[in-house]
Amino acid sequence: MRKLYVALTVAIVALTALIAAGVYANVFTGPGDYVVTPAVPPEETPGAVATDAPAISWWDLPLWVQVASLIDALLILVGLLKLVPFALGRIENVLDNRNRLRIFSYVQSNPGCTPAEITARQHMANGTVKYHVQMLEAEGMIVLRRMGKFTRLFKSASGSDLEKAAVTYMRNETSRNLLQAIMERPGITNSSLAEQFQLDKSSIHWHIERFLKDRMIRFEQDGKYKRYFVSEEAKNVLTKSMTAL
172 MRKLYVALTV
182 AIVALTALIA
192 AGVYANVFTG
202 PGDYVVTPAV
212 PPEETPGAVA
222 TDAPAISWWD
232 LPLWVQVASL
242 IDALLILVGL
252 LKLVPFALGR
262 IENVLDNRNR
272 LRIFSYVQSN
282 PGCTPAEITA
292 RQHMANGTVK
302 YHVQMLEAEG
312 MIVLRRMGKF
322 TRLFKSASGS
332 DLEKAAVTYM
342 RNETSRNLLQ
352 AIMERPGITN
362 SSLAEQFQLD
372 KSSIHWHIER
382 FLKDRMIRFE
392 QDGKYKRYFV
402 SEEAKNVLTK
412 SMTAL
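Just so you know, we're using the numbering used here here: the sequence shown kicks off at 172 and counts up by one.
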């Protein structure tokens, strides 16, 4: 396959160069292949006006140039037609490996998972998971996102960054409970969340800062209190993620 593409490339380049040479020769030479040049440069001739070479159409070119250009276009078309199945074949080949297919299928079913989770759930060695994750990322099958202290995996084109963040939070029980409480009780405070879930205020603060950074929520200052609301852009995304659980 590689030899075929090399041969096609060489043929296309050679024909293109040949066509270009023919076009330039046709423009700058006259009948009998004589090169016509002025005896005196135009700028030194009083009243002379310099003009560009006359434009010519494809039909005015010599027959051999026309034929060569048609062959060139045909070769380019053949190359493109050969390239499409080759590209599709590469995607199929990436998933030919059984472990790689298992990892890809797991990521597809569990967006936002981590390599450590795959290692544990799929009973694979860390090195094996790391290698196949790198291969899948290199081929554009998955994308990696650094979220907090974890690297999370998603299928390529699986949604916006907001959707990826929402899916990730839904995978964590504490994050999911806090976001659901903020949705159900708009304007809730840090203290109320800490009391409802019996968590330290510092722990609530840590989660809240992450939600704010990822545009999951917003706050309104009310005296010395901050009241939290789900952001408008995250409402539909969070509702969809919660419904999918």
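Glycine included, every Cβ here is placed at the ideal spot set by N, Cα and C.
In terms of residue numbering, what span does the beta strand (DSSP E) encompassing residue i cover?
i      : result
Glu391 : Ile388 to Asp393
Arg269 : First-last for Arg269: Arg269 to Ser280, but that is the alpha helix (DSSP H), not the beta strand (DSSP E).
Between the options, which lies nearest to residue i when the distance is taken from Cα to Cα?
i      : options                           : result
Lys397 : Gly358, Glu366 and Ala365         : Gly358
Gly394 : Thr360, Lys320, Ser327 and Ala239 : Thr360
Gly319 : Ser327, Ala328, Val304 and Tyr340 : Tyr340
Tyr399 : Ala244, Glu288 and Arg356         : Arg356
Asp371 : Leu383, Thr345 and Asp385         : Thr345
Asn268 : Lys411, His303 and Glu288         : His303
Lys411 : Cys284, Ala336 and Glu380         : Ala336
Asn343 : Gly330, Ser362, Ser327 and Arg323 : Arg323
Ala352 : Asp332, Lys326, Leu333 and Met387 : Met387
Val408 : Leu333, Leu350, Arg273 and Ser240 : Leu333
Glu404 : Met354, Leu246, Ser373 and Ile375 : Met354
Quick one: what does DSSP say residue i is sitting in, helix, strand or coil?
i      : result
Met318 : strand
Arg342 : coil
Leu245 : helix
Leu349 : helix
Gly201 : For Gly201, the pLDDT reaches just 49, beneath the cut-off of 50, and the residue's location in the model is therefore unreliable, leaving the point undetermined.
Asp385 : coil
Ser228 : coil
Please report the residue range of the alpha helix (DSSP H) in which residue i lies.
i      : result
Arg292 : Pro286 to Arg292
Arg398 : Premise fails: Arg398 lies in the beta strand (DSSP E), Tyr396 to Val401, not in any alpha helix (DSSP H).
Gly298 : Asn297 to Ala309
Leu370 : No alpha helix (DSSP H) contains Leu370, which DSSP labels as neither H nor E.
Give the DSSP bridge partners of residue i, in chain order.
i      : result
Ile379 : Note: Ile379 sits in no beta bridge, so no partner.
Leu324 : Cys284 and Leu315
Thr360 : Arg398
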